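In UniProt numbering, the protein residues as written are 1 to 308.
Now the structure itself:
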């Protein structure tokens, strides 16, 4: 991600969460077919140390459902609601992540997301294999930790992610994202060729925050630069023109999330942000085109390997 003022990168949030199931291979494939600069997705670590895609540190009933135990009498079943770190890959694989559940008054994605029943949560290795067929698309990998994690666990997780990226030769076009900035410190050690994106939201920028790895909350762009970040990713409510200008003066590109309303997209294009994360890549493509900005080329579905 580089800022020029003449382009705004399009990042598909959890693939294309507004259109297909989040953090799944069908969702990623759809984002590629629409045309995105990068795919943003979330990862966690299973009990047997496999990196898998999942937004929360547990299996949420909003986007996952049990289908049956991995073996009769498994004491951990049902798996939905359990911490990902307590489940093996085999247990996680039984879960159906292809249908969103919830009431549309609270979850608009229920109305717009096309279900793909029977879809599992993929491993990071499977995602890397898919994106190897789309060399022009970046990987924005968010590592889900929090300040309660012991330092050795943060190190272990970050190293595991870096190992998978390196195995598929995609480190240089990957960025590691985290609210817990200890991840960025470890990413510099284990994946020095990858980008490091400092995520911020309102509850992580409070006084005496535990999220910034001991740095001051008063100047998030300055703190991000000090921690070794290569980009800043604020939530929309924090991404004021002043913050955007401050970050860019420090040579930190600004990637704002998560914009789904075309009016918001247009406003932040006007602020001069460097990238926009959206659940609806199709909408952002329309906005960018209307503003005379280039859009990334679609990737032919025929070239995208999607395992059954």
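Note that CB positions come from ideal geometry on N, CA and C, so glycine has one too.
Just so it is clear, the structure is predicted and the values come from calculations on it, not from any experiment.
- Here residue 138 carries a strand assignment [DSSP, helix/strand/coil].
- Annotated three-state conformation of residue 119 is coil, per DSSP.
- Residue 305 sits in coil when the DSSP states are folded into three classes, being neither helix nor strand.
- Residue 303 is classed as exposed because its beta carbon has fewer than 16 other beta carbons within 10 Å across all chains shown.
- Comparing alpha carbon positions, the residue from 232, 271, 270 and 243 closest to residue 252 is 232.
- Taking a 10 Å sphere around the C-beta of residue 289, we find fewer than 16 other C-beta atoms and assign the residue as exposed.
- Under DSSP, residue 144 forms no beta bridge with any residue.
- Rounded to whole angstroms, the separation of the alpha carbons of residue 221 and residue 192 is 20 Å.
- Judged by DSSP in its simplified three-state form, residue 6 adopts coil rather than helix or strand.
- The three-state reading of DSSP puts residue 100 in coil, since its state is none of H, G, I, E or B.
- In this structure, DSSP gives residue 22 a state outside helix and strand, which the three-state scheme calls coil.
- Scanning 125, 258, 268 and 226 for the CA closest to the CA of residue 245 turns up 268.
- Using a Cβ distance threshold of 7 Å, residue 70 and residue 94 count as a contacting pair.
- Taken through DSSP and simplified to helix, strand or coil, residue 180 comes out as coil.
- The DSSP-derived three-state label of residue 235 is strand.
- Every beta strand (DSSP E) of 3 residues or more that sits fully in the stretch 256-288 is shown, in chain order, as 275-278.
- Counting other Cβ atoms within 10 Å of its Cβ, residue 86 stays below 16 and is therefore classed as exposed.
- Remark: C-beta atoms of residue 90 and residue 63 do not approach each other more closely than 7 Å.
- Secondary structure at residue 214: coil, using DSSP grouped into helix, strand and coil.
- Here the stretch 38-57 lies against the stretch 133-143, with 3 or more beta-carbon pairs under 8 Å apart.
- Take the alpha-carbon of residue 200 and the one of residue 234: they are about 5 Å apart.
- Residues 89 and 123 of the same chain have their beta carbon placed closer than 7 Å to that of residue 50, with the five preceding and five following residues left out of the count.
- Taken through DSSP and simplified to helix, strand or coil, residue 13 comes out as strand.
- Using a Cβ distance threshold of 7 Å, residue 21 and residue 27 count as a contacting pair.
- As computed with DSSP, residue 42 is found in a beta bridge with 142.
- Between the stretch 118-133 and the stretch 164-182, the count of Cβ pairs shorter than 8 Å is three or higher; the stretches touch.
- By the 16-neighbour rule on beta-carbons within 10 angstroms, residue 213 is buried.
- Distances from the CA of residue 286 to each of 260, 132 and 306 were compared; the closest alpha carbon is that of 260.
- Shown here, residue 27 sits in a helix according to DSSP, grouped into three states.
- The secondary-structure analysis by DSSP pairs residue 154 with nothing; it has no beta-bridge partner.
- Among the bridge pairs identified by DSSP, residue 53 is matched with 43.
- Under the three-state reduction of DSSP, residue 124 is assigned to helix.
- Between residue 80 and residue 59, the beta carbon gap of about 5 Å places them in contact (Cβ cut-off 8 Å).
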